[in-house]
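Take a look at the structure below.
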Amino acid sequence: MKYSFLQIIDALGIIAFSISGVFAALEKKLDLFGVFILAFVAAIGGGTIRDLILGDLPIPWLTNLTTVSLIAGSALITILFRRVIRNLHYTLLFFDSLGMGFFTIFGIQKRLYYELHPVMCVGIGTISACFGGVARDVILNNIPIIFRKEIYASACILGAALYFLLLQTNLHQEVADMICIAAISAIRLLAVKYDLRLPGLYRKEEL
Amino acid sequence: MKYSFLQIIDALGIIAFSISGVFAALEKKLDLFGVFILAFVAAIGGGTIRDLILGDLPIPWLTNLTTVSLIAGSALITILFRRVIRNLHYTLLFFDSLGMGFFTIFGIQKRLYYELHPVMCVGIGTISACFGGVARDVILNNIPIIFRKEIYASACILGAALYFLLLQTNLHQEVADMICIAAISAIRLLAVKYDLRLPGLYRKEEL
Amino acid sequence: MKYSFLQIIDALGIIAFSISGVFAALEKKLDLFGVFILAFVAAIGGGTIRDLILGDLPIPWLTNLTTVSLIAGSALITILFRRVIRNLHYTLLFFDSLGMGFFTIFGIQKRLYYELHPVMCVGIGTISACFGGVARDVILNNIPIIFRKEIYASACILGAALYFLLLQTNLHQEVADMICIAAISAIRLLAVKYDLRLPGLYRKEEL
């Protein structure tokens, strides 16, 4: 039960990230091939960087077709129905936030195996969740959006820290998983709804 | 015989890709060091990404000097004779297309060793052939050209698919190699000559 | 003694590279999270690429907190006191040059273990010293500065070549280390002071 619950969230996250890649590519008028590649980059970029620096090779998505099929299918459907899907703004944001939560916690769990320091695990979880978007933006010649809207990554960091706090208690790991995924998604959704930001770095006259 | 034939095509491909890197760098007025680095990035970028995600480490070009010498030599000659070489447009296109075919098939063969699914092998062959150009363009702040001219990657994908079809027959592998390299090169050359493109994604009013 | 001397230079280099990342990010008006990430990218980007292509995994900075703490601390202090630190231009340049020398020699030493050809070691040392800055500039949508001011990388290459010459003599390795770090730093500092460049590639009418 827990297994399939996490799998569903994982799939929803990959779908949401693929869709974000498709729309970013359409905006820059890339061709069909470019649009598919950007869907892949957005969906598996973060996890690939995580697995590369950890040495988990060959990269897991190479050895089965599930991830790749899911991304290709999402990209195809998004391209065909882009006028409809574009209007599902809040649905997409919801999946994207869930996916972000999932990737963060999944990244952390993978790290426990390597016996890393909790601070590093938080970092790696954040990298998994955020760097697909960074790679997508760099390839498309945009300055990565997560470096300018800080609540995105801050939500991952807060959720990841919460995870380690919860593990000190007697909670089952599955329950801690779900609480943290929910917390990360909620922080992200609230930040978007109320346009929350951390205190700015720049004085008015610097902008 | 077969071995040296493939080696020659490999060398021609590396030379053609290095030259493409040099010209892209000259266009952006990079200095001497920048021009050399871009030649390397264009020539070995795709293979490096392939080897990184497969875990074939240390990266093979680190352990012998042949590849590096070939790239450095091509870059130097291109810089010195750039006014002449720039006019060899069709010769370069020919080598570049051969190189593309070679990298695709070579990437696939390397993958058979890891027992990957044929679809993944096609993907990896395409990555080897295309991502040197992607890295070159991203570093130079251009949106990668292969994401906007789709016949480039489509030629790799078609050729790679043909390869797996041919392996089902009784053909010798060497013959299949050559047929596919020829097919990829021919598709590319014809696409450039007749300006072929896949059906567009955008309506006129979107452009 | 030697050990702690190299450690201090390493730390100074990481600090200088972090500071360069912070200022590059502030210039593009990144948010707090973006500024920290750019400090990390500038400080550990070159070493990470080196370790990836060599297969030294998991990447060493994942397994202890020293590097990460040093970068985070430097970034924080730089953000808080940026008006003061920006005026320390020459001090920063000095640390940056020392760091560059250190990363070059440290990169080479790491490579001796893999029994690579000296030419490859020079290349890897240069990659370690330069590609943090390349990654910083690519993410920020700038054409990498080291590809347009060639003395930067040329200093690494000269210093690295000197290192292999010195190893042929009877000098202690520690002495060779220090001489080369000093030479690289001095070439860089003199090049900046006297605005030295290699002979240009472009005719006036091409610029």
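Chains as they are written, first to last, in numbering that gives the first Met the number 0: chain S, 0 to 206; chain E, 0 to 206; chain A, 0 to 206.
From the three backbone atoms N, C-alpha and C, an ideal C-beta is built for every residue, glycine too.
| query | What is the rounded straight-line gap between the Cα of Phe-16(S) and the Cα of Ile-76(S)? | reply | On the first sequence, residue 16(S) is found 17 positions in, with the first residue counted as 1. On the first sequence, residue 76(S) is found 77 positions in, with the first residue counted as 1. Between Phe-16(S) and Ile-76(S), the C-alpha separation is close to 14 Å.
| said: At the 7 Å Cβ level, is Phe-32(A) part of the contact set with chain S, yes or no? | reply: Against the third sequence, residue 32(A) aligns to sequence position 33. Closer than 7 Å to some Cβ of chain S, the Cβ of Phe-32(A) qualifies, so yes.
| Taking C-alpha atoms, which residue in Phe-80(A), Ile-150(A) and Val-137(A) lies nearest to Asp-194(A)? | Translated into the one-based positions of the third sequence, residue 194(A) becomes position 195. Looking at the Cα atoms, Ile-150(A) is the closest of the given residues.
| request: Name, please, each residue of chain A whose Cβ falls closer than 8 Å to the Cβ of Lys-27(E). | output: If you number the second sequence from 1, residue 27(E) lands on position 28. Residues of chain A passing the Cβ test: Ile-142.
| task | Compare the beta carbon distance of Ala-128(S) and Phe-102(S) with 7 Å and say whether it is the shorter of the two. | result | Translated into positions along the first sequence, residue 128(S) becomes position 129. Translated into positions along the first sequence, residue 102(S) becomes position 103. The answer is yes: Cβ separation under 7 Å.
| task | Report the option in Ile-142(A), Thr-125(A) and Val-137(A) whose CA atom is closest to the CA atom of Ile-183(A). | result | Translated into the one-based positions of the third sequence, residue 183(A) becomes position 184. It is Thr-125(A) whose Cα lies nearest to the Cα of Ile-183(A).
| message | Less than 7 Å between the beta carbons of Ala-41(E) and Gly-20(E), yes or no? | response | Along the second sequence, one-based indexing puts residue 41(E) at 42. Along the second sequence, one-based indexing puts residue 20(E) at 21. Taking 7 Å as the Cβ cut-off, Ala-41(E) and Gly-20(E) qualify as a contacting pair.
| With 16 other Cβ atoms within 10 Å as the buried cut-off, status of Tyr-162(E) | By 1-based counting over the second sequence, the position of residue 162(E) is 163. Flag for Tyr-162(E) reads buried.
| query | At a cut of 8 Å, does the region 88-106 of chain A reach the region 53-71 of chain A through at least three beta carbon pairs? | reply | no
| query | By a C-beta neighbour count over all protein chains shown, 10 Å radius and 16 as the cutoff for buried, is Met-0(S) buried or exposed? | reply | Here residue 0(S) is taken as the residue at index 1 of the first sequence, counted from 1. Low confidence applies to Met-0(S): its pLDDT is 40, below 50, so where it sits in the model is not reliable enough to give any reading.
| task | Could you have a look at Asn-141(E) and say whether DSSP puts it in helix, strand or coil? | result | As a working note, residue 141(E) is residue 142 in the second sequence. DSSP, reduced to helix, strand and coil, places Asn-141(E) outside both helices and strands of the structure shown, so it counts as coil.
| query | At a CB-CB cut-off below 7 Å, which residues of chain E make contact with Pro-59(S)? | reply | By one-based count along the first sequence, residue 59(S) stands at place 60. Correct list: empty, because the minimum Cβ distance to chain E is about 10 Å.
| field | Cβ pair Gly-44(E), Gly-98(E) closer than 7 Å | value | Counting from 1 along the second sequence, the entry for residue 44(E) is found at position 45. Counting from 1 along the second sequence, the entry for residue 98(E) is found at position 99. Result no, Cβ atoms of Gly-44(E) and Gly-98(E) do not sit closer than 7 Å.
| request: Starting from Gly-54(A), follow the alpha helix (DSSP H) in both directions and report where the run begins and ends. | output: For the purposes of this step, residue 54(A) is identified with residue 55 of the third sequence, where counting begins at 1. No alpha helix (DSSP H) contains Gly-54(A), which DSSP labels as neither H nor E.
| For Phe-80(A), three-class secondary structure by DSSP | Your numbering for residue 80(A) matches position 81 in the third sequence. Phe-80(A) falls in the coil class under three-state DSSP.
| Using a beta-carbon distance below 7 Å, is Val-191(S) in contact with chain A? | As a working mapping, residue 191(S) is identified with position 192 in the first sequence. Val-191(S) does not count as touching chain A.
| query | Is the CB of Phe-146(E) under 7 Å away from at least one CB in chain S? | reply | On the second sequence, position 147 is the one that residue 146(E) refers to. Cβ-Cβ to chain S under 7 Å: yes for Phe-146(E).
| message | With a threshold of 7 Å between beta-carbons, can Ala-181(S) be considered close to chain A, or not? | response | Taking the first sequence and counting its residues from 1, the one referred to as residue 181(S) is at position 182. Interface criterion not met: the Cβ of Ala-181(S) is under 7 Å from no Cβ in chain A.
| field | Where Asp-176(A) sits in the DSSP three-state scheme | value | Indexing the third sequence from 1 puts residue 176(A) at position 177. Asp-176(A): helix per DSSP, three-state reduction.
| field | Other residues of its chain near Ile-178(S): CB distance less than 7 Å, five sequence neighbours each side excluded | value | By one-based count along the first sequence, residue 178(S) stands at place 179. The answer, listed in chain order, is Leu-165.
| Which residue comes first and which comes last in the alpha helix (DSSP H) that contains Phe-163(S)? | The count along the first sequence starts at 1 and reaches residue 163(S) at position 164. Where Phe-163(S) is concerned, the enclosing alpha helix (DSSP H) stretches over 150-166.
| request: Can you give me, in chain order, the residues of the region 92-108 of chain A that have a beta carbon less than 7 Å from any beta carbon in chain E? | output: Within the region 92-108 of chain A, no residue qualifies.
| message | Is there a C-beta anywhere in chain A that falls below 7 Å from the one on Ala-152(S)? | response | Within the first sequence, residue 152(S) is the residue found at index 153, counting from 1. Yes, because at least one Cβ of chain A sits closer than 7 Å to the Cβ of Ala-152(S).
| With 7 Å set as the bound, which would you pick, yes or no: does the beta-carbon of Ile-52(S) sit closer than that to a beta-carbon of chain A? | Here residue 52(S) is taken as the residue at index 53 of the first sequence, counted from 1. Closer than 7 Å: yes.
| message | Three Cβ pairs or more, each shorter than 8 Å: is that satisfied between the region 23-30 of chain E and the region 131-147 of chain A? | response | By the criterion of at least three beta-carbon pairs nearer than 8 Å, the region 23-30 of chain E is in contact with the region 131-147 of chain A.
| query | Tell me which same chain residues have a C-beta within less than 7 Å of the C-beta of Arg-49(S), skipping the five on either side of it? | reply | By 1-based counting over the first sequence, the position of residue 49(S) is 50. If we look at Arg-49(S) and ignore the five residues flanking it on each side, its Cβ neighbours are Gly-106, Ile-123, Ile-126 and Ser-127.
| Tyr-201(A) - DSSP class collapsed to helix/strand/coil | Reading the third sequence from its first residue, position 202 is the one you call residue 201(A). Note: Tyr-201(A) maps to coil in three-state DSSP.
| Proximity of Ala-154(E) and Arg-187(E) at Cβ, strictly below 7 Å | Walking along the second sequence from the start, residue 154(E) turns up at place 155. Walking along the second sequence from the start, residue 187(E) turns up at place 188. Against a cut-off of 7 Å, the Cβ pair of Arg-187(E) and Ala-154(E) comes out as a contact.
| query | Using the rule of at least 16 other Cβ atoms within 10 Å of the residue's Cβ for burial, across every protein chain shown, is Val-34(S) buried or exposed? | reply | Here residue 34(S) is taken as the residue at index 35 of the first sequence, counted from 1. So Val-34(S) counts as buried.
| task | Give the interface partners of Leu-56(A) over in chain S, defined as CB-CB distance under 9 Å, in chain order. | result | Mapped onto the third sequence, residue 56(A) falls at position 57. By Cβ distance, chain S contributes Leu-51, Ile-52, Leu-53, Gly-54, Asp-55 and Leu-56.
| field | 9 Å Cβ cut-off: residues of chain B touching Leu-64(A) | value | Absent from the structure is chain B; the protein chains it does hold are S, E and A.
| query | Between Val-67(E) and chain S, is there a C-beta pair that is closer than 7 Å? | reply | Reading the second sequence from its first residue, position 68 is the one you call residue 67(E). Not one chain S Cβ lies under 7 Å of Val-67(E).
| task | Rounded to whole angstroms, what's the CA-CA distance from Trp-60(A) to Gln-167(S)? Just pull it up for me. | result | In the third sequence, residue 60(A) corresponds to position 61, counting from 1. In the first sequence, residue 167(S) corresponds to position 168, counting from 1. When rounded, the distance between both Cα atoms is 26 Å.
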